[in-house]
Amino acid sequence: MTTVSRYTTTMAGAGGGGAPREAVLSFVGGQATVGTSGMTFPQGLPERSWERIGSGLRELTNSSAWWLGDWLIYGENTYGARRYREAVERTGLDYQTLRNYAWVARRFEHHRRWDGLSFAHHAEVTSLPVAQQDHWLREADRLKWSRNELRRALRAVAAGDGTRRRESRTDAPGATAEPRGEVATLTIELSAGQLDHYSQVAAAHGLPVEQWVTRMLDAADRRTA
Numbered sequence: 023m024t025t026v027s028r029y030t031t032t033m034a035g036a037g038g039g040g041a042p043r044e045a046v047l048s049f050v051g052g053q054a055t056v057g058t059s060g061m062t063f064p065q066g067l068p069e070r071s072w073e074r075i076g077s078g079l080r081e082l083t084n085s086s087a088w089w090l091g092d093w094l095i096y097g098e099n100t101y102g103a104r105r106y107r108e109a110v111e112r113t114g115l116d117y118q119t120l121r122n123y124a125w126v127a128r129r130f131e132h133h134r135r136w137d138g139l140s141f142a143h144h145a146e147v148t149s150l151p152v153a154q155q156d157h158w159l160r161e162a163d164r165l166k167w168s169r170n171e172l173r174r175a176l177r178a179v180a181a182g183d184g185t186r187r188r189e190s191r192t193d194a195p196g197a198t199a200e201p202r203g204e205v206a207t208l209t210i211e212l213s214a215g216q217l218d219h220y221s222q223v224a225a226a227h228g229l230p231v232e233q234w235v236t237r238m239l240d241a242a243d244r245r246t247a
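Numbering (this note's numbering), first residue to last: 23 to 247.
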């Protein structure tokens, strides 16, 4: 389970005209002053202290995505989907961002979340079967991959599977070899919610999402030809 950092706020004033609200972060302690709109540091702060604060902020940012996802799931299960409108107002975050947090959190029970990996690592594998999710997260943790390194590994495997499928079709008895031109890779950036939706549509057609996207692009090309 994700490590929780202590976060308390002390109201020293309200509104634009009052004194700023200050927060106490356990990993900051008295080494810096934390306010709602910034953090100030004393002269001569040791470099190791500065590094520890950065690590703590990273953990806090990562944990907050999980917290928001779990908070949204609880609200939806307990009070109904209408609570998303309230969540948008309470957090100031847009609807799609909140849906993405909940989408990832819903697919990973607490005992399957890796403390050493970021929320973004988990988001990269949400569309995979559970066994593959666990495999890739275990590899990312073992090899200390960044989110981008995990993404590249997943793309490499997907590209290799696609090549093997094309070769098996070509090598089949009676198969006609397709012209072998230069192969290009198209990268499409999707939100977590969009990927979830398109994956479900592709599954309804009995296809992996990448094959379904290729078919849709081919169909669109034929319509405009």
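Positions of the beta carbon are idealized from the N, C-alpha and C atoms, including for glycine.
Of all the options the options, which has the alpha carbon lying nearest to the alpha carbon of residue i?
i, options, result
"residue 66", "60, 54, 233, 58", "54"
"residue 125", "107, 146, 156, 111", "146"
"residue 179", "114, 154, 128", "154"
"residue 255", "138, 181, 113", "Shown here, the chain extends from 23 to 247; a query on residue 255 therefore has no answer."
"residue 89", "113, 49, 177, 62", "113"
"residue 128", "61, 52, 152", "152"
"residue 50", "64, 74, 60, 68", "74"
"residue 164", "177, 174, 136, 176", "136"
"residue 130", "156, 116, 120, 115", "156"
Taking DSSP's pairing of strands, which residues face residue i in a bridge?
i, result
"residue 60", "57"
Closer than 7 Å by C-beta to residue i: which residues in its own chain qualify, once you throw out the five before and the five after it? Chain order, please.
i, result
"residue 162", "139, 143, 172"
"residue 217", "149"
Cα separation between residue i and residue j?
i, j, result
"residue 122", "residue 83", "15 Å"
"residue 158", "residue 85", "20 Å"
"residue 91", "residue 109", "11 Å"
"residue 56", "residue 63", "9 Å"
"residue 107", "residue 93", "14 Å"
"residue 52", "residue 61", "12 Å"
"residue 175", "residue 167", "10 Å"
"residue 111", "residue 177", "37 Å"
"residue 70", "residue 102", "46 Å"
"residue 48", "residue 116", "29 Å"
"residue 72", "residue 240", "53 Å"
"residue 232", "residue 209", "11 Å"
"residue 238", "residue 68", "56 Å"
So, for residue i: in the same chain, excluding its five sequence neighbours on each side, which residues have a beta-carbon less than 8 Å away from its beta-carbon?
i, result
"residue 236", "none"
If I measure Cβ to Cβ from residue i and keep anything under 6 Å in the same chain, skipping five residues before and after, which residues do I get?
i, result
"residue 87", "123, 141"
"residue 242", "none"
- [ ] Tell me, please, whether the stretch 95-102 touches the stretch 68-82 by the rule of three or more beta-carbon pairs shorter than 8 Å.
- [x] no
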